[in-house]
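Enquirer: One gets my numbering by counting positions in the sequence shown from 1 and adding 432 to each.
Just so you know, even glycine gets a beta-carbon here, dropped at the ideal spot from N, CA and C.
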Amino acid sequence: MGLKKNPNSMNQKIFIKTFGCQMNEYDSNRIFDSVKKIGFQKTENYEDANCYLLNTCHIRDKAKEKVYHEIGRVKKIFRSKQKPLVIIAGCVAQAENQEMLKREPYIDLVIGPQSYHKINDTILNHIKKKKKIEETYFDAESKFKYLSKIKNDLGKVSSFLTIQEGCDKFCHFCVVPYTRGPEYSRPFKQIIDEAKYLVDNGAREIILLGQNVNAYESEGYRLSNLILEIEKISSLERVRYTTSHPKDMTDDLIEVYKESKKLMPLVHLPVQSGSNKILDLMNRKHTISEYLKIFDKLKKINSSIEFSSDFIIGYPGEEDQDFQDTFNLIERIKFINSYSFVFSPRPGTAAENLKLIDKQISMERLQKVQNQLFENQVSMNKSLENKTLNVLVENLTEDKTQVFGRSEYMTSVILNGKKNDIGKIVSVKIKQSNRSTLFGEIITSSNQKVA
Ligand code: SF4
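1) Name all residues in chain order for which at least one heavy atom of ligand 1 lies closer than 6 Å to the residue's CB.
2) Is the Cβ-Cβ distance between F472 and C489 less than 8 Å?
3) Going by the beta-carbon positions, is the gap between Y478 and F451 smaller than 8 Å?
4) Using beta-carbon positions only, say whether M696 and E840 come within less than 8 Å of one another.
5) So, do the region 752 to 760 and the region 564 to 582 have three or more beta carbon pairs nearer to each other than 8 Å?
6) Determine the closest residue to G746 out of S666, E817, I793, with distance taken between C-alpha atoms.
7) For K896, which of K863, T833, S865 has the nearest alpha-carbon?
8) Of the residues Y653, I659, N646, which one's Cα is nearest the Cα of T682?
9) Classify S865 as buried or exposed, calling it buried when 16 or more other Cβ atoms lie within 10 Å of its own Cβ.
10) Going by DSSP in three states, S512 sits in which element: helix, strand or coil?
11) Do the region 718 to 730 and the region 664 to 673 make contact, defined as three or more Cβ pairs closer than 8 Å?
12) DSSP on H718, reduced to helix/strand/coil?
13) Using 10 angstroms around the beta-carbon of D853, count the other beta-carbons present and answer buried if the total reaches 16, otherwise exposed.
14) Can you give me the C-alpha to C-alpha distance between K588 and G837, rounded to a whole angstrom?
15) Between the beta-carbon of G706 and the beta-carbon of L630, is there less than 8 Å?
16) Check Y771 in the structure and name its three-state DSSP category.
17) Compute the beta-carbon to beta-carbon distance between T781 and C606, rounded to the nearest angstrom, for a pair I have assumed lies under 8 Å.
18) If we count Cβ pairs, one from each stretch, closer than 8 Å, do we get three or more for the region 562 to 572 versus the region 520 to 540?
19) Can you grab the Cα-Cα spacing for the pair V882 / S770, in whole Å?
20) In this structure, what does DSSP give as the bridge partners for Y673?
21) Just to confirm before moving on: does the CB-CB distance between S676 and A635 stay below 8 Å?
22) Does the Cβ of Q514 have 16 or more other Cβ atoms within 10 Å, making it buried, or fewer, making it exposed?
23) Where does K881 sit, in a helix, a strand or coil, going by DSSP?
24) Return the CA-CA distance between E637 and D553, expressed in angstroms with no decimal places.
25) Do you know how far the Cα of S650 is from the Cα of E573?
26) Does the distance from the C-beta atom of I862 to that of L824 stay below 8 Å?
27) So, is H549 buried or exposed, given that buried needs 16 or more other C-beta atoms within 10 angstroms?
28) Can you give me the C-alpha to C-alpha distance between L593 and E826, rounded to a whole angstrom?
29) Specify, as a first and last residue, the run of the beta strand (DSSP E) that Y484 falls within.
30) Which residues in the same chain have their Cβ closer than 8 Å to the Cβ of V422, if we skip the five residues on either side of it in sequence?
31) If you draw a straight line from the C-alpha of Y500 to the C-alpha of A521, how long is it?
32) Leaving out the 5 sequence neighbours to the left and right, which residues in its chain are closer than 7 Å to F739 when beta-carbon positions are compared?
33) Mapping DSSP to helix, strand and coil, what is T833?
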């Protein structure tokens, strides 16, 4: 099942495995939009593939080792078959670049996140010259220029749309500024055109993506302008954005919560720690009182706005009082749907060689934080029982007997719908709940937003 000399002349099959964040998911879809121009079809069965692409993530612990482990697995699977073309994309590809080709000869191509516009040429070049190739140059502008000419054919009810990439903030624990490069915002019109195309193809919710999505700035337009422009697309029901930085939560964006009809009332705003001392050590560039000001302003505009966040527990230097400050902040804001991890150092970051705090203490603190966050979720979901919510139906459940949708707060909802409810906002009476899911029954169904 090797690659044909001219992929355009035959159907080639690509298997794409995606790790990590929503942006990687978006990228994997865009990579496929590109490679289908040179004859590739997507397969969900990797044993069928003649091209195996791994879109990697550098955020989690031991990211690099996980990639080599995965390649080892692929090698075993293809031991008695013809070797597929193996491509490593994503943030590990960017961080490791040439090293990957040296360490693992089974890898053919290494391509970083800002070089996806070169993927077709890179594949064709490799086939022609039988050469291993590494492309890890930062060139976000050319990438998006190229991708904007290729239709985004995802057609999912809830679709991602990357508007911004990279980061200039250099939090000491984070690899993003090194793997995604400097902050880059796509041109305003390019984004609006892609949004219209997504909606024409069935999207009813658009999630605007960026590593610092609220740092978006292009030709004088900010995220606030984008949201108000995108929501003019009549068949679009919902707009969301992620991930934000408190420093870029400017008044114009806060004010959008007054004006907007389609922006959802869940604000994902990573705080990382409740202690000013730790925020400073992390180089976060914001304080807790600034964070609370944002919270108060938004709550004043709409008291039903809820917050979710990310927390790093056990950052080097975190003492009991710092942890207590984090815990107090969680109790004060009552975050829902949050992520929390124990700090683990990433190679190449400023925090790489800091003295770690005792592992057991970190684990105990994490447990305490997670218990509190889970409790918040459970009580939020419980409070919704017997209430009526607007749910955007996204899909059939796996057994196809019910449908799956999401509330305005992104909570999963299972309900008694049918296939033709997909893509609609329905009014649902919540009957039961657990920590992660609500269960309900449809009261009305319409193409219009009901509240
Ligand atoms: S703001 Fe900090 S955590 Fe977020 S991407 Fe930039 S460096 Fe990483």
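Expert: By the coordinates alone:
1) Taking a cut-off of 6 Å from the heavy atoms of ligand 1, the residues with a C-beta inside it are C599, K601, F602, C603, C606, V608, P609, Q643, N644, H677.
2) no
3) For Y478 and F451, no; Cβs fall outside 8 Å.
4) yes
5) no
6) I793
7) Here the chain covers residues 433 to 883 and nothing more, so residue 896 does not appear.
8) N646
9) buried
10) coil
11) no
12) Here H718 sits in coil by DSSP.
13) D853 is buried by the Cβ-count criterion.
14) Using only the alpha carbons, I get a separation of about 12 Å.
15) no
16) Strand at Y771.
17) 6 Å
18) As far as the Cβ criterion goes, the region 562 to 572 touches the region 520 to 540, which means the pair count is three or higher.
19) Note that V882 has pLDDT 37, beneath the 50 cutoff, so the model's placement of it is unreliable and no number is given.
20) L640
21) no
22) exposed
23) Confidence at K881 is low in this model, with a pLDDT of 41, below 50, so its placement is unreliable and the value that follows should be read with caution. Coil.
24) 33 Å
25) 12 Å
26) Contact: no.
27) buried
28) About 17 Å.
29) 483 to 488
30) In this structure the chain extends from 433 to 883, so residue 422 is not present and cannot be described.
31) 13 Å
32) V699, L701, F727, I765, F767
33) Assignment of T833 by DSSP, reduced to helix, strand and coil, places it in the coil class.
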